[in-house]
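Asker:
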Amino acid sequence: MGLLERDSFLHALRRYREEAAAGNGRFVLVAGEAGIGKTSLLEEFQREDTVPRWLRGACDGSFTPRPLGPLFDIADALGGDLQLRSVEDGSRQDLFSASLRALDDPKRPTVVIVEDIHWADEATLDWLRYLSRRLSSARTMIVVTYRDDEIGEDHPLRLVVGELATQRVTRRIGLPPLTEEGVRELAERAGVVVDARHVRDLTGGNPFYVAEVLAAPDGDVPPTVVDAVLARIARLPDDARQALEAAAVIGARIEPWLVDVVAGDARTGIDTCLASGALLPEGGTFRLRHELTRRAVEEAIPARRRTKLHAAVLQSLEAASIRGGEPNHARLAHHAEMAADTDAVRRHAPPAAKRAAELGSHREAAAQYARALRSAAGLDVESRAILTEGLALELSLIDHWEESTDAWRSALDLRRSLGNAEAIAADLRWLSRSLWWLCRGAENQAVAEQAVAVVAGRQPSPAMAWAYAHLGADRELRSMPEEAIELSRRALALGEDLGLDEVVAYTLNTIGCARLSRSDEGWDDLERSLLIAKATGAGDMAGRGFANLYQFAIDRYRMREFEWCFDEGIRYCEEHEIGMYAMFLMASRAQALTKLGRWDEAVALGRSRVAEVVSPINRMHLLIPMGAIGARLGLADAEVSLAEASRLAEALNEPRWIIAASVARIETRWLAGRPSEAIKDGERALALAVEAGEAWPRGEVSVWLSRCGMAVEPAPGLPEPFARELEGDARGAAEAWFKLDAPYERAMSLVAAGDEESLRTALEIVIDLGAEASAAAIRRSLRELGARSVPRGMRATTRANPHGLTPRETEVLSLLAEGLPNAEISSRLFISERTVEHHVSSVLSKIGASSRTAAAREAARLGIVSPR
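So that you can map any letter, position 585 of the sequence shown is 586 in the working numbering, and since no number is skipped, the others follow by simple counting.
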């Protein structure tokens, strides 16, 4: 019996499989809500096509997942080298490479199905990203399913899907609900007479919900899916229900021998479940038809019996591992907790957390540490401190800084009760770091000083080296370079004596930043720091190295020269799961794009990231360029963004951030024709800049205050563009900005020149950038000069479009509406895929569309394409 209303999707899968068989690998994203029919679609696809080699893996939602579970499922099915590597403690990169080799079979095409990646651990998502980037010439088709209605803004899969969608090999399928006609036909097939519209309204057209409702007893239409599931199960004989209950407790992948052990001799019951469709065969294992079914069954089991079943599963799996099997600590920890077996939780949760952390699955690691701590009441203080520190570190790596801070405080209390000065100092340093990411400047500084006080006067140790290194970094961030260098050199000497490569990399980075803050020297220190960090595998230090090097390049308008730093840094941070530095680099990128005049890209990047759950530091870093661009474009929420950024900067209490936020607010008031307010707000920023003694921040705040009418004397040593404008050579400043590839800054210096020719050139620049508010301010100046024929509004081609799309963006939107992927748009328009990606991001941002499908609908509404 064929699927309803799914022919077009089956046809698409067939076409993608043929393309893969021809050596053009495909990565297919199949999305839809729970029960929409993703699994049924793929089962039908597999049923009709026996040519390829079929492999399956699944992500388990019943417990904190085992990292790389789907990869290990496939390794078990394939055997050979991949299976050997999966049970060894080799590197993740080697395992990924082995999987790619195993999946690309020259003899016949391979189709890999990975289901429910919304439950995937981070390592599995990394594996899928790895494969997607390398499939272009493989005879392999990878199909992944996920619930798009269950990935919120902070879900790690949201970003991954966005990245996968940009790959040339990627294709997307979104399964819609059944129509009323589809519900009616399904009821007719089942021999049930129903009100199709009522059932459609009740179920939302979800095929699973519909099927379960139709399978319920005549006249009984349960109000929920759980009721429908239980009504169906109630008709099974006792032995089948017992087998099904055991299967539901076991999880997504159900081993027949385990059901026998847990439920007694369950062969008859399993046969009944298979015959009724309650269980489905899956290679040598079973699975329930749907995870919703499994959960409904498990939750309906009386609590006491459910606990006993989990205990039986735990005992059986532990016994199997003792006999020589590889223990799945993540799975065992889940069953241990559900069985209320605290000793078993203590045995399995810590190693599960450790392995997850090694594989880069930091969310799963944090969950396992939290599980271990829930059962830690009987542990000694030292063990509880170690678990709490593990939780705190993993929480920081997933950007959960509030929770991380709380965990570090708890760990610190435990360490203080033990009186171990070295451990206390280490936890104080980590706590200070968390407070910095939360923009709690005063607390961060105080805690950093406490860490040094604890180890001062003691024998040299790693804790002492780190305490001085961290305090040195704090002083550098507070624009105290001499003290920063002194503290860092002391830490550097300790690090070299003790053989601590991470301390060496960290302190060299701080020294480089401190030197650059007062001169153009220090680049060598930063680059040496980065080389050491990468060579020694110090991922966190390397992330910091990329972030600081790229940020200083942006501050000095050397963005193009250090483009490599962003590209390499993002790759490195993603591969090593250093989320906070990856986000920092993205915020720096938005700032670089702003200075380069690529505002559409900056806004698209900023909007996609600022909605995510990010640390206050990274949020502030994004809000400043977004607020500045918004003010220039005339967006109403620009001042709100900048007010928040200023609040965070003041809480952090670091001069550079306070000045950066203040400069953006000064410009906003100048654009609004309120220069006196700008001067009032900017005086403190100028005083901070003078005290800090850093030339670039001082030059920036000085020229903006000068443009607002404040008399500002040029200070010695200011960078050329600032010095020229403050000395009265605004045209020379504009020429300097032109050489630095900074179009907006060039325009503002031309405005400062004040003559009609300069103002008209500035107006052309800002109109081309789309800066309507800036253009309005320049027109005011032209009219005050008595200029005639002042251009009004945006360019006609852009103004004619209600969303302000450029002609090129309109072309891109029309091709999006045709359903073309980026690769085909690139071919049609003779532009690079990277450029297409930038245009797509800009289009989605401008029209307020959350997806390509939504953009197509808007294109039809605008009349850019005919509605389908």
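Cβ coordinates follow ideal geometry from the N, Cα and C atoms, glycine included.
A quick note: this is a predicted structure, and the numbers were derived from the prediction, not measured.
In this structure, what does DSSP give as the bridge partners for GLY58?
Answerer: Numbered from 1 along the sequence shown, position 57 holds the residue referred to as residue 58. Looking at the DSSP assignment, GLY58 forms a beta bridge with VAL115.
Asker: So, does the region 508 to 528 touch the region 679 to 690, judging by three or more C-beta pairs under 8 Å?
Answerer: No, they do not touch.
Asker: Touching or not, the region 599 to 607 and the region 560 to 577, by the rule of three or more beta carbon pairs under 8 Å?
Answerer: The region 599 to 607, when compared against the region 560 to 577, does not touch it at the 8 Å Cβ threshold.
Asker: For ALA244, which option in GLY183, PRO257 and ASP74 has the closest C-alpha, if you only look at C-alpha atoms?
Answerer: Here residue 244 is taken as the residue at index 243 of the sequence shown, counted from 1. The residue with the shortest Cα to Cα distance from ALA244 is PRO257.
Asker: How far does the beta strand (DSSP E) with VAL31 in it reach, from first residue to last?
Answerer: Here residue 31 refers to the residue found at position 30 when the sequence shown is read from its first residue. Run containing VAL31: 27 to 32, per the beta strand (DSSP E) assignment.
Asker: How is the alpha helix (DSSP H) around VAL144 delimited, first residue to last?
Answerer: What you label residue 144 is simply residue 143 of the sequence shown in a count that begins at 1. VAL144 -> not in any alpha helix (DSSP H); beta strand (DSSP E) instead, spanning 141 to 147.
Asker: Closest to GLY70 by CA distance: which of TYR147, SER642 and VAL115 is it?
Answerer: For the purposes of this step, residue 70 is taken as the residue at position 69 of the sequence shown. Residue VAL115 is the option with its Cα nearest to GLY70.
Asker: Within its chain, find whatever has a CB closer than 7 Å to the CB of ASP742; leave out the 5 residues flanking it on each side and keep chain order.
Answerer: Residue numbering aside, residue 742 sits at position 741 when the sequence shown is read from its first letter. If we look at ASP742 and ignore the five residues flanking it on each side, its Cβ neighbours are ARG561 and LEU597.
Asker: What does the alpha-carbon distance come out to for the pair THR737 and LEU706?
Answerer: Reading the sequence shown from its first residue, position 736 is the one you call residue 737. Reading the sequence shown from its first residue, position 705 is the one you call residue 706. For clarity, residue 737 is Ala in the given sequence; the question names Thr instead. Approximately 20 Å, taken between the alpha carbons.
Asker: For ILE618, write down the residues that DSSP places opposite it in a beta bridge.
Answerer: For the purposes of this step, residue 618 is identified with residue 617 of the sequence shown, where counting begins at 1. DSSP output for ILE618 lists no bridge partner at all.
Asker: Please name the residue in ASN549, ALA422 and GLN451 whose C-alpha comes closest to that of ARG459.
Answerer: Within the sequence shown, numbered from 1, the residue matching residue 459 stands at position 458. The shortest C-alpha separation from ARG459 is found at ALA422.
Asker: Does the region 365 to 375 come within contact of the region 349 to 357, defined as at least 3 CB pairs closer than 8 Å?
Answerer: Touching, per the Cβ criterion.
Asker: Check this for me: beta carbons of LEU388 and HIS363, under 7 Å apart or not?
Answerer: Within the sequence shown, the letter at position 387 stands for residue 388. Within the sequence shown, the letter at position 362 stands for residue 363. No; because the gap between Cβ atoms is not below 7 Å, this pair is not in contact.
Asker: Which same chain residues, not among the five before or five after ARG670, have their C-beta less than 8 Å away from its C-beta?
Answerer: Within the sequence shown, numbered from 1, the residue matching residue 670 stands at position 669. So the qualifying residues of the chain are PRO676, GLU678, ALA679, ASP682 and CYS709.
Asker: ARG172 lies in the beta strand (DSSP E); which residues open and close that run?
Answerer: By one-based count along the sequence shown, residue 172 stands at place 171. Element bounds for ARG172: 171 to 175.
Asker: In three-state terms, what does DSSP make of GLU714?
Answerer: For the purposes of this step, residue 714 is taken as the residue at position 713 of the sequence shown. Reduced to three states, the DSSP call for GLU714 is coil.
Asker: How long is the line joining the alpha carbons of ALA801 and THR811, rounded to whole angstroms?
Answerer: Position 800 of the sequence shown, counting from 1, holds the residue named residue 801. Position 810 of the sequence shown, counting from 1, holds the residue named residue 811. Low local confidence applies: a pLDDT of 41 at ALA801 is under 50, so the model's placement there is unreliable, with the coordinate-based value given in what follows. Their Cα atoms are separated by approximately 11 Å.
Asker: Identify which residue in SER827, VAL841, ARG657 and LEU830 has its Cα closest to the Cα of LEU806.
Answerer: The residue you call residue 806 lines up with position 805 of the sequence shown. Minimum Cα distance to LEU806 is reached at VAL841.
Asker: Between the C-alpha atoms of ARG441 and ILE579, what's the straight-line distance to the nearest angstrom?
Answerer: Your numbering for residue 441 matches position 440 in the sequence shown. Your numbering for residue 579 matches position 578 in the sequence shown. Roughly 22 Å between the two C-alpha positions.
Asker: According to DSSP, which residues form a beta bridge with LEU280?
Answerer: To locate residue 280, count along the sequence shown from 1; it is residue 279. Per DSSP, LEU289.
Asker: Cutting at 7 Å between CB atoms, please list the residues of its own chain near LEU83, excluding the five before and the five after it.
Answerer: Within the sequence shown, residue 83 is the residue found at index 82, counting from 1. Taken in chain order, the residues that qualify are ALA76, ALA99, SER100 and ALA103.
Asker: Which same chain residues end up closer than 7 Å to LEU415 when comparing Cβ atoms and leaving out the 5 residues on each side of it in sequence?
Answerer: By 1-based counting over the sequence shown, the position of residue 415 is 414. Closer than 7 Å at the Cβ level, and outside the excluded window around LEU415, lie VAL382, ARG385, ALA386 and THR389.
Asker: When you compare each of LEU318, ARG793, ASP526 and ALA646 to ASP769 by their alpha carbons, which one comes out closest?
Answerer: Your numbering for residue 769 matches position 768 in the sequence shown. Cα-wise, what sits closest to ASP769 is ARG793.
Asker: Could you give the distance in angstroms between the alpha-carbon of PRO238 and the alpha-carbon of VAL230?
Answerer: Residue numbering aside, residue 238 sits at position 237 when the sequence shown is read from its first letter. Residue numbering aside, residue 230 sits at position 229 when the sequence shown is read from its first letter. If you take the alpha carbons of PRO238 and VAL230, they lie about 15 Å apart.
Asker: When you compare the CB positions of ARG491 and GLU484, do they come within less than 7 Å of one another, or not?
Answerer: As a working mapping, residue 491 is identified with position 490 in the sequence shown. As a working mapping, residue 484 is identified with position 483 in the sequence shown. Contact flag unset, no.
Asker: Tell me the rounded alpha-carbon separation between ARG16 and GLU49.
Answerer: In the sequence shown, the residue the question calls residue 16 occupies position 15. In the sequence shown, the residue the question calls residue 49 occupies position 48. Cα to Cα, the separation comes out at about 13 Å.
Asker: Leaving out the 5 sequence neighbours to the left and right, which residues in its chain are closer than 7 Å to ILE660 when beta-carbon positions are compared?
Answerer: Translated into positions along the sequence shown, residue 660 becomes position 659. Cβ within range, chain order: ALA686, LEU689, ALA690, PRO698 and VAL702.
Asker: Rounded to whole angstroms, what's the CA-CA distance from ALA232 to LEU275? Just pull it up for me.
Answerer: The count along the sequence shown starts at 1 and reaches residue 232 at position 231. The count along the sequence shown starts at 1 and reaches residue 275 at position 274. Taking the straight line joining both Cα atoms gives about 17 Å.
Asker: Any idea if ILE533 is buried or exposed, counting beta-carbon neighbours within 10 angstroms, 16 or more meaning buried?
Answerer: Reading the sequence shown from its first residue, position 532 is the one you call residue 533. The residue is buried, with at least 16 neighbouring Cβ atoms inside 10 Å.
Asker: With distances taken between CB atoms, is the gap from ARG853 to LEU816 smaller than 7 Å?
Answerer: Working through the sequence shown from its first residue, we reach residue 853 at position 852. Working through the sequence shown from its first residue, we reach residue 816 at position 815. For ARG853 and LEU816, no; Cβs fall outside 7 Å.
Asker: If PHE28 and LEU136 are in contact, beta carbons under 8 Å, what's the gap, nearest whole angstrom?
Answerer: Looking up residue 28 in the sequence shown gives position 27. Looking up residue 136 in the sequence shown gives position 135. Contact flag correct, Cβ pair sits at about 6 Å.
Asker: Please return the same chain residues whose Cβ sits closer than 6 Å to the Cβ of ARG198, not counting the five positions on each side in sequence.
Answerer: In the sequence shown, the residue the question calls residue 198 occupies position 197. So the qualifying residues of the chain are GLU181.
Asker: Start and end of the alpha helix (DSSP H) containing PRO482?
Answerer: For the purposes of this step, residue 482 is taken as the residue at position 481 of the sequence shown. 482 to 499 is the span of the alpha helix (DSSP H), which, as asked, contains PRO482.
Asker: Which runs of the alpha helix (DSSP H), 4 residues or longer, sit entirely within the region 656 to 689?
Answerer: Fully enclosed alpha helix (DSSP H) runs of 4 or longer: 656 to 672.
Asker: Which full runs of the alpha helix (DSSP H) of 4+ residues lie inside the region 521 to 569, going along the chain?
Answerer: You should have 524 to 536 and 540 to 556.
Asker: Would you kindly report the start and end of the unbroken alpha helix (DSSP H) that includes GLY81?
Answerer: Against the sequence shown, residue 81 aligns to sequence position 80. GLY81 -> alpha helix (DSSP H) spans 81 to 88.
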